[in-house]
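Inspection log for the structure reproduced underneath, given as structure tokens.
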Amino acid sequence: MAWLYLVFAILSEVVGTTALKYSDGFTRIGPSAVTLVAYALSFVLLAQVLRAIPVGVAYAIWSGAGVALITLIGWTVLGQKLDAVAMGGIGLIVAGVIVLNVWSGHG
Numbered sequence: 014m015a016w017l018y019l020v021f022a023i024l025s026e027v028v029g030t031t032a033l034k035y036s037d038g039f040t041r042i043g044p045s046a047v048t049l050v051a052y053a054l055s056f057v058l059l060a061q062v063l064r065a066i067p068v069g070v071a072y073a074i075w076s077g078a079g080v081a082l083i084t085l086i087g088w089t090v091l092g093q094k095l096d097a098v099a100m101g102g103i104g105l106i107v108a109g110v111i112v113l114n115v116w117s118g119h120g
């Protein structure tokens with residue numbers, strides 16, 4: 014169940030970060046409210062995850078997957094540009110998450 018909570022914590026964080034972009038510096042109420050609720054949900058879920066998964070592993074996966082997903086949203090939805098170095102860096106983050114899950118004794 015902890016892994017499922019982690020997936021939803023990541024998705025909530027990504028929704029919150031996407032809404033943060035649309036909040037226009039917290040001047041738009043709707044996206045601002047979505048940001049606050051999504052971040053709160055993400056932290057509540059992450060707190061539950063930490064009961065079963067070591068903090069280093071959980072946080073690495075939470076933050077790494079979040080960075081990769083929000084970068085993908087920025088590129089595909091928001092039209093942000095990624096150069097080869099940025100794409101390589103995101104690839105390394107994803108590779109690190111895979112290594113943690115597949116070969117680490119904590120995954």
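Residue 14 in the working numbering sits at position 1 of the sequence shown, and the numbers go up by one each step.
Even glycine gets a Cβ: it sits at the ideal position worked out from N, Cα and C.
Residue i: first and last residue of the uninterrupted alpha helix (DSSP H) it sits in
i, result
"P44", "I42 to V62"
Cβ neighbours of residue i in the same chain (closer than 7 Å, five flanking residues each side left out)
i, result
"P44", "A32, Y35 and S36"
"T48", "G29, A32, L33 and S36"
Assigned secondary structure, residue i (DSSP; H/G/I helix, E/B strand, else coil)
i, result
"A65", "coil"
"M14", "coil"
"K94", "coil"
"F39", "coil"
"G104", "helix"
"W116", "coil"
Nearest neighbour of residue i, chosen from the options [CA to CA]
i, options, result
"A99", "L91, I111 and T84", "T84"
"S25", "V110, L91, W88 and L58", "L58"
"W16", "L91, V112 and I74", "I74"
"L82", "G104, G118 and L54", "G104"
"L19", "V70, A97 and G29", "V70"
"F21", "V90, A51 and T40", "A51"
Residue i CB to nearest heavy atom of the ligand NAP below 7 Å
i, result
"L19", "Among the ligands in the structure shown, none appear at all, so the ligand NAP cannot be discussed."
Cβ shell of residue i (< 8 Å), same chain only, five flanking positions each side left out
i, result
"R64", "A15"
Residues near residue i by beta carbon distance below 6 Å, same chain, minus five either side
i, result
"A30", "First, the residue type needs correcting, since residue 30 is Thr and not Ala in the sequence shown. Correct list, in chain order: I83."
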